[in-house]
Each structure stands twice: as structure tokens, then as C-alpha cells.
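These protein sequence lines are chains A and B, in that order.
Quick note on my numbering: the first sequence kicks off at 318 and runs consecutively.
Quick note on my numbering: the second sequence kicks off at 318 and runs consecutively.
Take a look at the structure set out below.
2 protein chains.
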Amino acid sequence: MSVMELKEAKDKFIHTWGTLATQWGINRTMAQIHALLLLSSKSMNADEIMADLQISRGNVNMNLRDLMDWGLIYKQLLPGERKEYFIAEKDIWKVAKQIAKERRRREIGPLIEAMEDIKEGIQPDTAEKEEFLKIVNDISKVSVFADNTMTSLLKSDENWLINNFIKIFNK
Amino acid sequence: MSVMELKEAKDKFIHTWGTLATQWGINRTMAQIHALLLLSSKSMNADEIMADLQISRGNVNMNLRDLMDWGLIYKQLLPGERKEYFIAEKDIWKVAKQIAKERRRREIGPLIEAMEDIKEGIQPDTAEKEEFLKIVNDISKVSVFADNTMTSLLKSDENWLINNFIKIFNK
DNA sequence: AAAAACTTTCAGAATATTTTGAAAATTCAA
DNA sequence: TTGAATTTTCAAAATATTCTGAAAGTTTTT
Numbered sequence: 318m319s320v321m322e323l324k325e326a327k328d329k330f331i332h333t334w335g336t337l338a339t340q341w342g343i344n345r346t347m348a349q350i351h352a353l354l355l356l357s358s359k360s361m362n363a364d365e366i367m368a369d370l371q372i373s374r375g376n377v378n379m380n381l382r383d384l385m386d387w388g389l390i391y392k393q394l395l396p397g398e399r400k401e402y403f404i405a406e407k408d409i410w411k412v413a414k415q416i417a418k419e420r421r422r423r424e425i426g427p428l429i430e431a432m433e434d435i436k437e438g439i440q441p442d443t444a445e446k447e448e449f450l451k452i453v454n455d456i457s458k459v460s461v462f463a464d465n466t467m468t469s470l471l472k473s474d475e476n477w478l479i480n481n482f483i484k485i486f487n488k
Numbered sequence: 318m319s320v321m322e323l324k325e326a327k328d329k330f331i332h333t334w335g336t337l338a339t340q341w342g343i344n345r346t347m348a349q350i351h352a353l354l355l356l357s358s359k360s361m362n363a364d365e366i367m368a369d370l371q372i373s374r375g376n377v378n379m380n381l382r383d384l385m386d387w388g389l390i391y392k393q394l395l396p397g398e399r400k401e402y403f404i405a406e407k408d409i410w411k412v413a414k415q416i417a418k419e420r421r422r423r424e425i426g427p428l429i430e431a432m433e434d435i436k437e438g439i440q441p442d443t444a445e446k447e448e449f450l451k452i453v454n455d456i457s458k459v460s461v462f463a464d465n466t467m468t469s470l471l472k473s474d475e476n477w478l479i480n481n482f483i484k485i486f487n488k
């Protein structure tokens, strides 16, 4: 029953990963494909993923492309094979960095732009306008700060936070 | 046309806030109510919010409760008034901290729990199982690290990162 | 150049989430 | 108490998102 036990655990992992992902704005199937590839020592092609997760070809194709956009999986061309194979980044620290990087780009970037856009053309010539501009400016500042913090956390492995992490991670 | 200009900018702010929020897992109406209250110097009651955003009573009620759960707005009981009034936290730094705190709780917590749960009862007695456990353990470690990092960032205003931020924010 | 192998697209179907609004529950004043 | 004012709930409707699968597009082999 040992093999079955592992299979069950893997299924549970894939299912859980899919469920959790929806909590943080990623769709279930994309997360499940990611989980499947994370657990697979070999790279897989679209047909294998379709069969494994019981989902359509279109769905697999679209989510594989999204996962590549996120930088979480790579395309692998096997010699003598026409089909495209996919393999997940297995270094979890790289995976986490990549997710953080993408979320920064997708969540913080647009916020900064939007605030700049809203400020445009408004003069602080009344108390009401001044109050409004204060809020917009404060949001700008917090966003830029969050963006910079993320960037510096991600950029340098010399950073004390990262070092602190590596200590924990390697033990 | 100065008053109109401000009204337009506020509407744009509310609309934009709502659109961006959906990108990061918060529903549009909740974000719009939050934006409306952020921009309002007075506290507002459910009827006023309904009229302003043209949404139903049930929707307003549900999202006000969610916003209170997130710690982004407060209930205010005005003397001589039966209706409940709501006011948003205006200190954007506190708002950002609160959002980060909630997201940590909602996104990282369940991940840590899930990984612990999956590990349960699996012995590393084959290479395959060992491989599987390595991934699960690595995700655990990254999650715990992210959780701790967030916590320490949020907990102490003595933290260098926060100080660094305050310098930027106050200038 | 044709055909086979494979990938991508996209309109409609299925599913999931959000919203409505009226009924039920609660609170408060008289 | 009673009943008017207000808030909460929740089933059904509206809306938004995701998924399917067949058709169109692309690449490679023969």
C-alpha cells in the first residue's frame, strides 16, 4: 500500500495547491498543472497533462502558456519528439521569488500608474482638493515603497533578510 | 468647473480602486465602498452608500462587514442616530499594514497548514517519497520564512525597513 | 506540394461568484 | 409589550470567469 499512499498524497497536493491558488488570484487549473509538473521528475506533454487532470486540450494549452508567462515552467524540446514537453522549476526558492516578482509587477505597478494618472491636472487650490490629493499621494508613496522593498528583497541575495532565510532554509 | 473636476477625479478613483482590487483577489464592490469611505470626510450610513454607488442594501451590508473584518473601516455610532455609520481608516500606512496582515493570514497560513497536513504519515523510505517530501518541506520552509518576514516587517516600527520608509513617507 | 502531427484560437457551454431584494431577525423608543 | 426603524440573511437572478472541443493555424515529414 506504500505506492498507493504516495499517489494519494500527490493527488492531495495537487488538489490543495489548486484550491489555495484561487485564494490568491490564480486559477485552479493553472495551479494544478503547476503542481503536477512540480511533482513530476520527467517533463510532460499536453496529452499527458490532459489525461492526468482530465481537462481539455484548450484549457491545458492556455494554462501552460500562462505558467510560462509567470516563469514557473519551461518548454523542453526532446530530441526525436514532435511534441512539446514542459518541466517545472524545482528550486522552490526560485519559484517563490518568481511568484513574488510577478505579483509585484501585476499588483503594485498598475496601482502606481493609476494614482499618477488620477493626480493629473488637479491643483490643490481648495481644502477639499488638498485632502483628496493627500490620499492619492499617500497611496502613491506606500505603493512605491512596497515596490522598492519587494525589488530590493528580490534583487540581492546579499540582503540580510535573504541571508537570514538561507540560514533557515539550508539547515 | 472646479467642483466638477474634483467629483470626476473622485469617481475615477473609486472606479479604479474597484478594478485594481479584482486583480488582487478582493471584490469590486468591497473596494469601491472602501474607496468611497476613504474619500469621505464624514462617516456614511448604508443608505448613503447605496445611493452613491447604486447598489443594493444586501450588497452594502455584506461588504461593510467584510471591510470591518479586514480592519479597514470602523463602525461609528452617532448620538441621537439609529443608523450605523461607517468611517474608513485614513492613515494609509495603517491601511497598507492592515492589508498586508490580512493577506498574510489568508494566503500564507493555510499554505503552511496544508503542507504539514500532506507530510503526515509519509515515511521517506523510497527515493520517490523522499523527492516528494523534499518539495513539500521546501514549500513549508519558504512559507514559514515569508510568514516570519511579513510578521517582523509589520510588528516593529523600529525595523530598518520601516524606518527607511518613514523617512520617504514624511518628506 | 501534400499530408500528417501538433498547437492555438475562440464561440458557446458550464461553472463560480456576486448581486438583488424581499422576508426574517434584531434593536430601540414609547 | 408593541411596533417602527434598522440590519441581516439567503434563495434566486445577474454577471463574470473558466472550460470545452472543434476548427483554424502552424510546423515538420515524406
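The C-beta atom is built at its ideal place from N, Cα and C for all residues, glycine as well.
Per DSSP, cross-strand counterpart(s) of residue i
{"i": "residue 353 of chain B", "result": "DSSP output for residue 353 of chain B lists no bridge partner at all."}
{"i": "residue 330 of chain A", "result": "Paired residue(s): none; residue 330 of chain A is not in a bridge."}
{"i": "residue 394 of chain A", "result": "A:401"}
{"i": "residue 362 of chain B", "result": "B:402"}
Beta-carbon neighbours of residue i, restricted to chain B and to distances below 8 Å
{"i": "residue 428 of chain A", "result": "337"}
Counted within 10 angstroms of its Cβ, other Cβ atoms place residue i as buried (16 or more) or exposed
{"i": "residue 335 of chain B", "result": "buried"}
{"i": "residue 394 of chain B", "result": "exposed"}
{"i": "residue 432 of chain A", "result": "buried"}
{"i": "residue 364 of chain B", "result": "exposed"}
{"i": "residue 455 of chain A", "result": "buried"}
{"i": "residue 324 of chain A", "result": "exposed"}
{"i": "residue 444 of chain B", "result": "exposed"}
{"i": "residue 373 of chain A", "result": "exposed"}
{"i": "residue 457 of chain A", "result": "buried"}
{"i": "residue 424 of chain A", "result": "buried"}
{"i": "residue 283 of chain A", "result": "This structure does not reach residue 283 of chain A, given that chain A is present from 318 up to 488, and the question cannot be answered."}
Per-residue contacts from residue i into chain A (C-beta, under 7 Å)
{"i": "residue 464 of chain B", "result": "Result: empty, since nearest Cβ-Cβ is about 12 Å, beyond 7 Å."}
{"i": "residue 431 of chain B", "result": "333, 337"}
{"i": "residue 455 of chain B", "result": "409"}
Chain-ordered neighbours of residue i on chain A, where CB pairs are closer than 9 Å
{"i": "residue 448 of chain B", "result": "356, 358"}
{"i": "residue 452 of chain B", "result": "330, 355, 356, 407, 409"}
{"i": "residue 439 of chain B", "result": "322, 323, 326"}
Whole-angstrom C-beta distance between residue j and residue i, which should lie under 8 Å
{"i": "residue 338 of chain B", "j": "residue 348 of chain B", "result": "3 Å"}
{"i": "residue 459 of chain A", "j": "residue 341 of chain B", "result": "Actually they are not in contact, since the Cβ atoms of residue 459 of chain A and residue 341 of chain B sit about 14 Å apart, beyond 8 Å."}
{"i": "residue 467 of chain B", "j": "residue 421 of chain B", "result": "4 Å"}
{"i": "residue 453 of chain A", "j": "residue 472 of chain A", "result": "With a Cβ gap of about 28 Å, residue 453 of chain A and residue 472 of chain A do not count as contacting."}
{"i": "residue 350 of chain A", "j": "residue 380 of chain A", "result": "5 Å"}
{"i": "residue 415 of chain B", "j": "residue 388 of chain B", "result": "5 Å"}
{"i": "residue 376 of chain A", "j": "residue 346 of chain A", "result": "6 Å"}
{"i": "residue 361 of chain B", "j": "residue 403 of chain B", "result": "6 Å"}
{"i": "residue 356 of chain A", "j": "residue 330 of chain A", "result": "7 Å"}
8 Å Cβ cut-off: residues of chain A touching residue i
{"i": "residue 435 of chain B", "result": "326, 329, 330, 333"}
Partner residues on chain B for residue i, Cβ-Cβ distance less than 7 Å
{"i": "residue 423 of chain A", "result": "340"}
Checklist line | Proximal residues, the stretch 385-414 of chain B versus chain A, C-beta separation under 7 Å | finding: 409, 410, 413
Check: Name the residues in the stretch 327-342 of chain B whose C-beta lies less than 7 Å from a C-beta of chain A; which are they?
Finding: 327, 329, 330, 333, 337, 340, 341, 342
Margin query: Under 8 Å, CB to CB, which of the residues in the stretch 373-385 of chain B have a partner in chain A?
Written below: none
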